[in-house]
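Chains as they are written, first to last, in the working numbering: chain A, 2 to 230; chain B, 2 to 230.
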DNA sequence: TCAAGAGTATTTTGATCAAAACTTTCCTTA
DNA sequence: TAAGGAAAGTTTTGATCAAAATACTCTTGA
């Protein structure tokens, strides 16, 4: 019934939602019954997710969801910042009127959801907003990299909750970004994006540090070295 | 006999060496006999490489080596530049004396091989040099990303040949980079790295554009859309 | 009581097989 | 002659099974 890409999506979703916590073991047989398929699609989906870096596989010892700690999250944001500032620069250079229109539209929607207190839709539209910028940059490889990282960060926000008051500042950042991209000001767009991500990094790390036990984040058993070839 | 990580390495090496050209089909049965193993390790290795982005898999239609064109290479360098400039900045901030020592040592070796005309060892030491900087930055995730991209670029240099006179300028760049990292000048290190990569990008693209038929680069049959989730 | 070791059980890995999907070839028909 | 379609042949995908490796447990000995 379900194909491998579907299984992959299911696994990803369950990791984001926290249903499969960071650092938890991923037993093939267990997952096979969970999703109602045979071993084979699970095995292949796990291999792909290993290649993507979301899952760690140790030979003859099975798979686990990648373990997360504070320094890893810092590193993650450093990578995301590096790539997205570059993409913001390119987006300012290459954007079409269509991109600009969609950007404004997404931001309007973002503010509508914030005003309505719909904090389920807000992160989705936020992702959409950044996706439009990154797509306007015309670098599909970089786009998929950012999306991959976005996934992990989304999983973390999920666990620590969005603090609603953050969103007003986010909106301000977005509006300034749109303006810079509109006037094709690559340097400003890049810098604004850098600041925007730096702020997100700070806020998330603060939320994580505030949680005394880092619920579901630090692995129970100290995981072995990640075999991330 | 051979485990999955081994098969992965073999596949990677054969792609870099050009034995498995960009865009070529990867038939499971064919590869199984080629490496003398059964279907299963091949299937799983291909899935991992798909997750890494080196291989493209279309459902029910099999795997191919990813197709390369000029715009993809440009995108690749944009990503690498974004990440490595960030890493150079961090390396300048975080480097130890040990890192500095290894950096000088690697660069001495680099120049020795250039002088000796050993153009097989030169790219290896070049990789080592950049690897030391990136490792000094202390971001293992970013390091593995850069290495992944390095692989593709190495495969391209391989096909178009190093132009020996390039290396003198490379050495000059490296020496300046070392100096900036030595005095913990993050801004300069980042900028020098950016320029260094920009030059490499230009040189490689020029070599590729010069080759009229782009030997082995453009796929024979126009590949379908990459299913790069 | 604790440590060590043997034996059992669980789990991953590799191999074989069947079924589904896609490709190609060849034949028919307009 | 060209286009459409059916059938044969490949190739991937999913399922089952055997073997190897690891984890666990229970017993024995100090």
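Note that the Cβ used here is the ideal one computed from N, Cα and C, for glycine as well.
Below-7 Å beta-carbon distance, residue i vs any chain A residue
i, result
"residue 48 of chain B", "yes"
"residue 217 of chain B", "A caution first: residue 217 of chain B carries a pLDDT of 49, below 50, which makes its placement in the model too unreliable to give a value."
"residue 1 of chain B", "Limits of chain B in this structure are 2 at one end and 230 at the other, which puts residue 1 of chain B out of reach."
"residue 209 of chain B", "no"
Chain B within 7 Å of residue i, Cβ atoms only
i, result
"residue 80 of chain A", "yes"
"residue 53 of chain A", "yes"
"residue 186 of chain A", "no"
"residue 43 of chain A", "no"
"residue 137 of chain A", "no"
"residue 76 of chain A", "yes"
"residue 83 of chain A", "yes"
"residue 14 of chain A", "no"
"residue 224 of chain A", "In this predicted model, residue 224 of chain A has a pLDDT of only 33, less than 50, meaning its place in the structure is not dependable; the value taken from the coordinates is given anyway. With 7 Å as the cut-off, residue 224 of chain A does not count as an interface residue toward chain B."
Alpha carbon of residue i to alpha carbon of residue j, nearest angstrom
i, j, result
"residue 125 of chain A", "residue 6 of chain B", "37 Å"
"residue 51 of chain B", "residue 26 of chain A", "23 Å"
"residue 170 of chain A", "residue 205 of chain B", "43 Å"
"residue 140 of chain B", "residue 86 of chain B", "13 Å"
"residue 132 of chain A", "residue 145 of chain A", "10 Å"
"residue 173 of chain A", "residue 152 of chain A", "24 Å"
"residue 184 of chain A", "residue 75 of chain B", "24 Å"
"residue 200 of chain A", "residue 180 of chain A", "19 Å"
"residue 62 of chain A", "residue 154 of chain B", "33 Å"
"residue 210 of chain A", "residue 128 of chain B", "37 Å"
"residue 175 of chain B", "residue 202 of chain A", "32 Å"
"residue 114 of chain B", "residue 122 of chain B", "7 Å"
"residue 100 of chain B", "residue 157 of chain A", "33 Å"
"residue 70 of chain A", "residue 167 of chain A", "23 Å"
"residue 274 of chain A", "residue 91 of chain A", "With chain A running from 2 to 230 in the structure shown, residue 274 of chain A is simply not present."
"residue 33 of chain A", "residue 98 of chain A", "47 Å"
Beta-ladder partner(s) of residue i, from DSSP
i, result
"residue 199 of chain A", "The partner list for residue 199 of chain A (beta bridge, DSSP) is empty, contrary to what the question assumes."
"residue 26 of chain A", "A:65"
"residue 59 of chain A", "A:63"
Nearest-angstrom beta carbon gap, residue j and residue i [assumed within contact, 8 Å]
i, j, result
"residue 48 of chain A", "residue 53 of chain B", "Actually they are not in contact, since the Cβ atoms of residue 48 of chain A and residue 53 of chain B sit about 10 Å apart, beyond 8 Å."
"residue 81 of chain B", "residue 147 of chain B", "6 Å"
"residue 134 of chain B", "residue 89 of chain B", "6 Å"
"residue 13 of chain B", "residue 29 of chain B", "17 Å between Cβ atoms; not a contact."
"residue 24 of chain A", "residue 66 of chain A", "6 Å"
"residue 36 of chain A", "residue 11 of chain A", "6 Å"
"residue 160 of chain A", "residue 19 of chain A", "6 Å"
"residue 16 of chain A", "residue 46 of chain A", "With a Cβ gap of about 12 Å, residue 16 of chain A and residue 46 of chain A do not count as contacting."
"residue 182 of chain B", "residue 93 of chain B", "5 Å"
"residue 79 of chain A", "residue 143 of chain B", "7 Å"
Next item on the list: Closer than 8 Å, Cβ to Cβ, to anything on chain A: give me those residues from the region 92 to 113 of chain B, in chain order.
Entry: none
Item checked: the region 140 to 152 of chain B: positions lying closer than 8 Å to chain A by Cβ -> 140, 141, 142, 143, 145 and 146
Item checked: Interface positions of the region 57 to 72 of chain A facing chain B (Cβ-Cβ less than 7 Å), listed along the chain -> 60
Note to self: Under 7 Å, CB to CB, which of the residues in the region 21 to 42 of chain A have a partner in chain B?
What the structure shows: none
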